[in-house]
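Participant: The structure's right below; bear with me while I get my questions together.
Protein chains in written order, with this note's numbering: chain A, 1 to 298; chain B, 299 to 623; chain C, 624 to 952.
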């Protein structure tokens, strides 16, 4: 660890790590929730990174099997109206939804955190203006706003990501701004001024590291929400072009064909969306439970 | 010797936490006599506050009293039912805490504070009579009677602490337990508080347990002192014995590390090291890791008490005659 | 002896906001608190000046003003002859290498996310004093001198893993690492345990000798002030009401407030219990303090002149000044 230089990842992790280790000994419900969430998320990440190792068929192959066949040993989740294997589509669909949700969450967090830090630290008229804008965006129901943006920007993976990212920026902004304003008053910030640190250094090395802990939790929950939003957008048809396997789109297809009795076309996409969102939620909540009280206990 | 009004016998209090059990108070025995002021002295973590709270059975969970007896007028408080203990609190034994700002309800006027206490313990009393009692107490505290109808925030810190004493005294208790009552007060106000306490003590024939780390405060008020360290009693004696002829190295260190405005001190005694880990306390004497006079036996066996006559006793191997350890 | 700090007519006012409702109903305009009300003193190189007083006296604010952590409303602050009053925050940042402060609560003075090594070394990095290796060496060296041992082990620890005494040592080390001349110590032992206070006081004495430091020691505890300080200034509601050497203040106090304060200090000796009752009353509000001499409502020797105009600090003995009108030619 270098002296005084950029805080290292180790410093960021130091306290949570202690919390983690002491939580392990407690074996409480929070611990298991965290583990369950982590397992689900890790598995689906694997699915997203190495789909070929799991999927028996090419998700786009329109001659994989009979049309709209019920689940069977060759097609555990059945086939859809274009003779594609549903199971393979589920596996390949992971990377789409995960990729979009993660990218959107990353974008939101970076923008939201940066603006929140600056706004909270600087105060004054800049803070007033930014808060006003953020409050305005925040007051819109997220999905409606996302639909509006998606419709405005048009189809395409980048546009969808942007549309979803925008609606979460205020969440990070508010959280970080509030924390920054509190931490700004702490004695160690005054002490940092007293040793001659410039304002940027104070913001980056004293305030940011103390704010980041709560953000980690929000990030996970944010991804869960983004997953649902992405699925919803695809469901409506504002999502990605047909070529890319996408759970939301498959959900819409499944609904369309439901009257013909093909329950597997709608059930499995729905289940996957739910499990992934649940996984991230459990991860986030588990982290929140473990990090917060343990941070207080010495 | 007269029977003590409060007798704590072999009391032990444990705090189970995630990494083990903190032995916050271990095998403590202290007597409090009628009309006397006893100082419970020690630094943070020594268990003095926990001990104070245990007298009224208000130790914060997960803390638990795991052994011992607490005899108030020969009745064991620890064996009483919840209802009986409720009758004791505020009535026979009262407690005053450190921060008067948070002890008073900011939304309640003073008269309601007093009425609440009075009517709880004496339900049959007339409201007028109760208010008169409250006014009487305020008078003794040096607060104008009409201020009974004001709110806590309209009083200064020192006044609020006096009000807390008033609330403690309103039912004419036998014992008042004061836990660091002057930490938040300025020096001159603190001195006024000491005067008040001394006067009230005479007038009401009170017994006082003063829990504090402020040795100056202790010397101003108390008759006897019990010194605690690491959850145990190190030494008990009269104020004169403790301050002038301490028999335990910790007591001696404590007395000589405090700046005294009347003396020309060249150097203060320093005690290196940290308070003991109460989850895994050191074997033998708990002070041994830091003791300047430590011997081999200190690290192996915990010393018993040596009695010096006149109620003065200390738990230290240096005084090894008559020790029961 | 050269003067390292000179303060002249230092004033700091804080506005007290009244709501619009108060303004409309009661005609109350915005009021000010004279936290520091025209204060002047100097500190010689190598000396320890104690700034003593109760709450509301303005001592903490004065300490911060000297370092310009708070901007003065008016007045002059000189460090080694340089007038700091006109210095911008930028210019002050460079000076912070030489003028440091230690706060009351060691725990909240350290960022929970910085290790001991990072915290102590940070001033060195900020002022570009050496490369990474040199900085680490200097920090470890200082940690040894200050008693934070084993240094290698504690270097990586975080504040929540240390005791209160160790934390305060870390704060001291951080203040000393750039070799400052002058340190403002704002109640550095108030939150520490009794035995730890002695340790820190002795440590401060040792460090002062070793590093040739000058201290401004802010405290409410006169016993400690007597132990550590060479000269003491007593403050009451923003004003210095008496200033003099240790002997002057503690053996020949002049101002009635100083006397009341000294009388009230509890003595850790049961044979020396106070015989008389203390001065009555409490510290009045800082927003509308009593006119003239602020202490007059509580003073046993009030005269008519005390209510009119502020008594100036006058020399009553060589280098012993008092702002009381009693016994003056």
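Glycine residues also receive a C-beta, built at the ideal position from the N, C-alpha and C atoms.
Taking any Cβ of chain B, which residues in the stretch 891 to 916 of chain C have a Cβ under 8 Å from it, in chain order?
Facilitator: Within the stretch 891 to 916 of chain C, the qualifying residues are 891, 892, 893, 894, 895, 896, 897, 900, 901, 902, 903, 905, 906.
Participant: If you run the structure through DSSP and keep just helix, strand and coil, what is residue 347 of chain B?
Facilitator: Note: residue 347 of chain B maps to helix in three-state DSSP.
Participant: I'd like to know if residue 638 of chain C contacts chain A, where contact means its C-beta is closer than 9 Å to some C-beta of that chain.
Facilitator: So no, residue 638 of chain C is outside the interface.
Participant: The alpha helix (DSSP H) that contains residue 325 of chain B, what's its start and end?
Facilitator: Careful: residue 325 of chain B lies outside any alpha helix (DSSP H), inside the beta strand (DSSP E) at 318 to 330.
Participant: Give the secondary structure of residue 687 of chain C by DSSP, where H, G and I count as helix, E and B as strand, and everything else as coil.
Facilitator: Three-state result, residue 687 of chain C: helix.
Participant: Take residue 867 of chain C and list the residues in its own chain whose beta-carbon comes closer than 6 Å to its own, dropping the five residues that flank it on each side.
Facilitator: Cβ neighbours of residue 867 of chain C beyond the five flanking positions: 943.
Participant: What does residue 732 of chain C reach in chain A if we use C-beta pairs closer than 7 Å?
Facilitator: Result: 187, 188, 191.
Participant: Could you tell me whether any Cβ in chain B is nearer than 9 Å to the Cβ of residue 795 of chain C?
Facilitator: No - not a single Cβ of chain B is within 9 Å of the one on residue 795 of chain C.
Participant: So the candidates are A/118, A/92, A/195; which of them puts its Cα closest to the Cα of residue 53 of chain A?
Facilitator: The option with the nearest alpha carbon to residue 53 of chain A is A/92.
Participant: Quick one: Cα of residue 732 of chain C to Cα of residue 328 of chain B, how far?
Facilitator: Residue 732 of chain C and residue 328 of chain B: Cα-Cα distance of roughly 39 Å.
Participant: Just to make sure I have the definition right: I need the residues of chain B whose C-beta is within less than 8 Å of the C-beta of residue 850 of chain C. Which are they?
Facilitator: Under the 8 Å cutoff, chain B gives 557, 563, 566.
Participant: Can you tell me which of the three DSSP states residue 626 of chain C falls into?
Facilitator: Looking at residue 626 of chain C - three-state DSSP - the assignment turns out to be strand.
Participant: Output, in chain order, the set of chain A residues within a Cβ distance shorter than 7 Å of residue 750 of chain C.
Facilitator: Those within 7 Å of residue 750 of chain C in chain A are 196.
Participant: So, using beta-carbon positions, are residue 227 of chain A and residue 280 of chain A closer together than 9 Å?
Facilitator: In contact: residue 227 of chain A and residue 280 of chain A (Cβ atoms closer than 9 Å).
Participant: Throw me the rounded Cβ distance for the residue 188 of chain A and residue 168 of chain A pair, which I believe falls under 8 Å.
Facilitator: Not a contact, Cβ separation roughly 30 Å.
Participant: Under 9 Å Cβ-Cβ, which residues of chain B neighbour residue 816 of chain C?
Facilitator: By Cβ distance, chain B contributes 341, 342, 343, 511, 573.
Participant: Taking beta-carbon pairs under 7 Å, can you tell me which members of the stretch 653 to 682 of chain C lie near chain B?
Facilitator: Taking 7 Å as the Cβ-Cβ cut-off against chain B, the residues of the stretch 653 to 682 of chain C that qualify are 677, 678.
Participant: Give the interface partners of residue 393 of chain B over in chain C, defined as CB-CB distance under 9 Å, in chain order.
Facilitator: What residue 393 of chain B touches in chain C: nothing, since even the nearest Cβ is about 22 Å away.
Participant: Give the residues of chain A in contact with residue 811 of chain C, contact being defined as C-beta atoms less than 7 Å apart.
Facilitator: The contacting residues do not exist; residue 811 of chain C stays about 13 Å from chain A at best.
Participant: What do you reckon, are the CB atoms on residue 220 of chain A and residue 99 of chain A nearer than 9 Å?
Facilitator: No, the Cβ-Cβ distance between residue 220 of chain A and residue 99 of chain A is not below 9 Å.
Participant: Along the chain, where does the beta strand (DSSP E) that runs through residue 809 of chain C open and close?
Facilitator: From DSSP, the beta strand (DSSP E) with residue 809 of chain C extends over 805 to 809.
Participant: Please check if any C-beta of chain C sits within less than 9 Å of the C-beta of residue 7 of chain A.
Facilitator: Interpretation of residue 7 of chain A is limited by its pLDDT of 44, a score under 50 that renders its predicted location unreliable; the figure taken from the coordinates is listed afterwards. So, interface residue.
Participant: With which residues is residue 149 of chain A paired in a DSSP beta bridge?
Facilitator: Beta-bridge pairing links residue 149 of chain A to no other residue.
Participant: Would you kindly work out how many angstroms separate the C-alpha atoms of residue 543 of chain B and residue 602 of chain B, rounded to a whole number?
Facilitator: So the two alpha carbons sit approximately 19 Å from each other.
Participant: With DSSP collapsed to three states, give me the class of residue 5 of chain A.
Facilitator: Here the model assigns residue 5 of chain A a pLDDT of 35, short of 50, so the residue's position is not dependable, and the following value carries that caveat. The answer is coil: DSSP assigns residue 5 of chain A none of H, G, I, E or B.
Participant: I need the boundaries of the alpha helix (DSSP H) containing residue 942 of chain C, first residue and last residue.
Facilitator: Taken as a continuous stretch (DSSP letters only), residue 942 of chain C belongs to no alpha helix (DSSP H), as it is neither H nor E.
Participant: Return the residues of the stretch 542 to 553 of chain B that lie within a Cβ-Cβ distance of less than 7 Å from chain C, sorted by chain order.
Facilitator: Answer in chain order: 551, 552, 553.
Participant: Quick check: does the Cβ of residue 345 of chain B come within less than 8 Å of any heavy atom belonging to the ligand GDP?
Facilitator: For the ligand GDP, the structure offers nothing, since it holds no ligand at all.
Participant: Compare the C-beta of residue 887 of chain C with all C-beta atoms of chain B and state if any pair is closer than 9 Å.
Facilitator: Yes - at least one Cβ of chain B is within 9 Å of the one on residue 887 of chain C.
Participant: So with CB distances below 9 Å, who are the chain A contacts of residue 804 of chain C?
Facilitator: By Cβ distance, chain A contributes nothing, its closest Cβ being about 15 Å from residue 804 of chain C, past 9 Å.
Participant: Between the beta-carbon of residue 466 of chain B and the beta-carbon of residue 441 of chain B, is there less than 9 Å?
Facilitator: Contact: no.
Participant: Can residue 812 of chain C and residue 795 of chain C be called in contact, C-beta distance under 9 Å?
Facilitator: Their beta carbons are not under 9 Å apart, which means residue 812 of chain C does not touch residue 795 of chain C by this criterion.
Participant: Taking only beta-carbon atoms, is residue 303 of chain B less than 9 Å away from chain C?
Facilitator: No, no contact with chain C.
Participant: Where residue 905 of chain C and residue 497 of chain B are concerned, what is the direct C-alpha to C-alpha distance, given to the nearest angstrom?
Facilitator: If you take the alpha carbons of residue 905 of chain C and residue 497 of chain B, they lie about 19 Å apart.
Participant: Cα-Cα, which of C/909, C/897, C/793, C/626 is closest to residue 705 of chain C?
Facilitator: Here the closest residue by C-alpha is C/626.
Participant: With residue 181 of chain A as the anchor, note down where its beta strand (DSSP E) starts and where it stops.
Facilitator: Where residue 181 of chain A is concerned, there is no enclosing beta strand (DSSP E), although the alpha helix (DSSP H) it sits in stretches over 157 to 184.
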